[in-house]
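Here the sequence shown stands for residues 690 to 766, numbered as in my numbering. Some notes on the structure that comes next.
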Amino acid sequence: MSIKHGIEIRPNEHNHKGQKAHIHFYIHGEEVGSMFLNGELRDGKAKAKDLKMIRQYVLENAVELQALWNEYQKSAY
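See below:
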């Protein structure tokens, strides 16, 4: 899911075996961090304005992202 000018959000498309739901974010194709669905930074770093935009997107779409997470957790891999 591309949100703006080279920033992309990707849900995990595989089983994370008990981890808390999170997304990974990429800037210009490079993974720079991940964020929990409550908007808390899990790891990585980015500019404050980019983090604000990513956090807003994650919070606004948390229900959909959680549904995707739940579906992927059923996967064997």
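Heads up, the beta-carbon is just placed ideally off N, CA and C, and yes, glycines get one too.
Mind checking residue i: buried by the 16 CB within 10 Å criterion, or exposed?
i, result
"residue 754", "buried"
"residue 711", "buried"
"residue 718", "exposed"
"residue 748", "exposed"
Pull up the distance between the alpha-carbon of residue i and that of residue j, whole angstroms please.
i, j, result
"residue 709", "residue 763", "14 angstroms"
"residue 756", "residue 696", "22 angstroms"
"residue 729", "residue 744", "8 angstroms"
"residue 746", "residue 700", "13 angstroms"
"residue 760", "residue 751", "14 angstroms"
Do residue j and residue i come within 9 angstroms of each other at the CB atom, strictly closer than that value?
i, j, result
"residue 722", "residue 734", "yes"
Closest to residue i by C-alpha separation, out of the options, would be which residue?
i, options, result
"residue 714", "706, 707 and 731", "731"
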